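In what follows, a structure is listed as structure tokens, so that the remarks can point back to it.
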Amino acid sequence: MKQFFAFLLPLLLLSGCAETEGGPQTAQIFAMDTVMDFTVYGPSAAEAIGASTQEIQRLEQLLSRTIETSEVSRLNASAGKEEETTEEVSSLLKEAVRLSASTGGAFDITVAPLASAWGFTEAEYRVPTKEEIGRLLPLVDSSRIRITGQQVELPDGAAIDLGGIAKGYASDQVARTLQAHGVESAIISLGGNVYAKGAKPGGDPWRVAVRDPGDPADYVGMLLLEDAYAVTSGGYQRYFEQAGHIYHHIIDPSTGYPADSGLTSVTVVSSSGTVCDALSTALFVLGEQGAVDLWDGADWDRGFDMVLVTEDGRVLITAGLADRFEPKEGSAYVYETLS
Ligand code: AMP
Ligand code: MG
1 MKQFFAFLLP LLLLSGCAET EGGPQTAQIF AMDTVMDFTV YGPSAAEAIG
51 ASTQEIQRLE QLLSRTIETS EVSRLNASAG KEEETTEEVS SLLKEAVRLS
101 ASTGGAFDIT VAPLASAWGF TEAEYRVPTK EEIGRLLPLV DSSRIRITGQ
151 QVELPDGAAI DLGGIAKGYA SDQVARTLQA HGVESAIISL GGNVYAKGAK
201 PGGDPWRVAV RDPGDPADYV GMLLLEDAYA VTSGGYQRYF EQAGHIYHHI
251 IDPSTGYPAD SGLTSVTVVS SSGTVCDALS TALFVLGEQG AVDLWDGADW
301 DRGFDMVLVT EDGRVLITAG LADRFEPKEG SAYVYETLS
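See the structure below:
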């Protein structure tokens, strides 16, 4: 099996223990610009991992902004003209536009020109001038994307970047793949987008650490998850430093600058990977009060849970996680429950 995967997917490191009855198959791949880990139990675990990694690679070819032949690149290259897309891409774009509207624009895939200006797209980091940001800001408005069936038209000069939602969408697709292979127990992490399928084989919930944004080798607490998605957005995940300033990759669509909202990380727990991914990015932009208002507001009606870590050393947990979150013992953070 090891050789089969090594041949088929050169980046896949399969280190399963198929000989050990009941042991998991584990694998690590690099895709969508991030490290992805799989731990899958059951007789079809190896096949399920193989199919999942193929699915992720298929999605990367479709959704990446840096792969010239992707559908997203084709749309970006033909902004101002109507383009036919696959049903899958037009549906995902509709969902992204909907999530932008229901986060007051804090999540917006049309931040693409700004993500590029800051150098995050090609990892060639730079600080744009105020004038440059002012010029690009009017291009950020996903409500101007026209989607009719599978016909999509981006406004002239606009571009989209699915970096804030694609891994979450991929985790939903991996969940379907695992289900189709009859897997009952698994945990996957697509660069911090976690999906916990079922419980651990013994019946205990999966334990997922929420990293300490101040020291990502450490953690602030453990989530106990069963059949749930958990996605974290944080400035510490991608950033550069210039002249003593730290500039991270989550852009506030209202200013064009990296979000500076007083939060250092946001973890969202819900029953959809796509929603978790878009929401964690949005809440990071919105800050503590905006996040709490959204969670408690009529649109979302507490339809997700979250863990907010603040710059001033607090960890805020929504009531739905009260018995699914264990603070780290001896931590210097102050823990509060939002109810
Ligand atoms: P995430 O890691 O899911 O929080 O998403 C961050 C990535 O999404 C960035 O690397 C950009 O590609 C893109 N992005 C940055 N800011 C936003 C935003 N406000 N809304 C949507 N996508 C964004
Ligand atoms: Mg996201």
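Following the numbering used here, the numbering of the sequence shown begins with 1 at its first residue and continues without gaps.
In this text, a Cβ means the ideal position worked out from N, Cα and C, and glycines have one as well.
On a predicted model such as this, the values are computed, not experimentally measured, just so you know.
Burial state of residue i, where buried means 16 or more other Cβ atoms lie within 10 Å
{"i": "V172", "result": "Correcting the residue type first, residue 172 is Asp in the shown sequence and not Val. Buried: at least 16 other Cβ atoms inside 10 Å."}
{"i": "R65", "result": "buried"}
{"i": "H340", "result": "Since the first and last residues shown for the chain are 1 and 339, residue 340 lies out of range."}
{"i": "E288", "result": "buried"}
{"i": "F179", "result": "Contrary to the premise, residue 179 reads as Gln rather than Phe in this sequence. Exposed: under 16 other Cβ atoms inside 10 Å."}
{"i": "I67", "result": "exposed"}
{"i": "E82", "result": "exposed"}
{"i": "T129", "result": "exposed"}
{"i": "V334", "result": "exposed"}
{"i": "D108", "result": "buried"}
{"i": "G23", "result": "exposed"}
{"i": "G149", "result": "exposed"}
{"i": "D323", "result": "exposed"}
{"i": "Q151", "result": "exposed"}
{"i": "G273", "result": "buried"}
{"i": "G42", "result": "buried"}
{"i": "K197", "result": "buried"}
{"i": "G134", "result": "exposed"}
{"i": "S270", "result": "buried"}
{"i": "R211", "result": "buried"}
{"i": "Q25", "result": "buried"}
{"i": "A48", "result": "buried"}
{"i": "G182", "result": "exposed"}
{"i": "S90", "result": "buried"}
{"i": "A228", "result": "buried"}
{"i": "E122", "result": "exposed"}
{"i": "E71", "result": "buried"}
{"i": "S337", "result": "Before going further, note that residue 337 is Thr rather than Ser in the sequence given. Exposed, by the Cβ-count rule."}
{"i": "P216", "result": "exposed"}
{"i": "S100", "result": "buried"}
{"i": "F120", "result": "buried"}
{"i": "A243", "result": "exposed"}
{"i": "A77", "result": "exposed"}
{"i": "F38", "result": "buried"}
Between the CA atoms of residue j and residue i - distance to the nearest angstrom
{"i": "F7", "j": "G50", "result": "Note that F7 scores a pLDDT of 29, beneath 50, so its modelled location is shaky; the value from the coordinates is reported in the next line. C-alpha separation (whole angstroms): 12 Å."}
{"i": "P327", "j": "V266", "result": "15 Å"}
{"i": "S280", "j": "E329", "result": "25 Å"}
{"i": "G313", "j": "A186", "result": "33 Å"}
{"i": "T20", "j": "D301", "result": "Residue placement at T20 is flagged as unreliable, the pLDDT there being 47, under the threshold of 50; a coordinate-derived value is accordingly withheld."}
{"i": "T318", "j": "G80", "result": "43 Å"}
{"i": "E131", "j": "S261", "result": "23 Å"}
{"i": "S52", "j": "E241", "result": "36 Å"}
{"i": "T69", "j": "E60", "result": "11 Å"}
{"i": "M222", "j": "F325", "result": "6 Å"}
{"i": "S142", "j": "L162", "result": "12 Å"}
{"i": "A278", "j": "Q54", "result": "23 Å"}
{"i": "L263", "j": "H249", "result": "14 Å"}
{"i": "G297", "j": "E95", "result": "20 Å"}
{"i": "L321", "j": "S44", "result": "32 Å"}
{"i": "P10", "j": "Q28", "result": "Confidence at P10 is low in this model, with a pLDDT of 29, below 50, so the placement of that residue should be treated as unreliable; the coordinate-derived value is given next. If I take the Cα positions, the gap works out to 11 Å."}
{"i": "T103", "j": "S233", "result": "15 Å"}
{"i": "R98", "j": "F304", "result": "16 Å"}
{"i": "T85", "j": "V220", "result": "42 Å"}
{"i": "V292", "j": "V268", "result": "12 Å"}
{"i": "Y125", "j": "A117", "result": "8 Å"}
{"i": "G164", "j": "A332", "result": "30 Å"}
{"i": "D156", "j": "V315", "result": "42 Å"}
{"i": "I251", "j": "R238", "result": "12 Å"}
{"i": "L114", "j": "V127", "result": "11 Å"}
{"i": "P205", "j": "I188", "result": "14 Å"}
{"i": "E226", "j": "A46", "result": "21 Å"}
{"i": "T34", "j": "S339", "result": "35 Å"}
{"i": "A31", "j": "G192", "result": "13 Å"}
{"i": "V208", "j": "E184", "result": "18 Å"}
Rounded Cβ spacing between residue i and residue j (contact assumed at less than 8 Å)
{"i": "G168", "j": "C276", "result": "6 Å"}
{"i": "A170", "j": "L190", "result": "6 Å"}
{"i": "L308", "j": "L294", "result": "About 11 Å; that fails the 8 Å criterion."}
{"i": "V140", "j": "P258", "result": "Actually they are not in contact, since the Cβ atoms of V140 and P258 sit about 14 Å apart, beyond 8 Å."}
{"i": "V194", "j": "A159", "result": "Not confirmed; about 29 Å, so no contact."}
{"i": "L154", "j": "G256", "result": "That belief does not hold up - the Cβ atoms of L154 and G256 are roughly 18 Å apart, past 8 Å."}
{"i": "A106", "j": "V285", "result": "4 Å"}
{"i": "L93", "j": "I147", "result": "6 Å"}
{"i": "Y236", "j": "P213", "result": "5 Å"}
Identity of the residues DSSP links to residue i by a beta bridge
{"i": "E336", "result": "L316"}
{"i": "E326", "result": "M222"}
{"i": "V309", "result": "S265, V315"}
{"i": "M36", "result": "I29, L190"}
Discussion item. At 4 residues or longer, what runs of the alpha helix (DSSP H) sit wholly inside the stretch 220-302?
Written reply: 273-296
Item to complete: Quick one: which unbroken beta strand (DSSP E) runs of 3-plus residues sit fully inside the stretch 144-225? Chain order, please.
Response: 146-148, 151-153, 186-190, 193-197, 206-212, 215-225
Worksheet item: Of all the beta strand (DSSP E) runs that stay within the bounds of the stretch 45-127, which reach a length of 3 or more residues?
Response: 82-84
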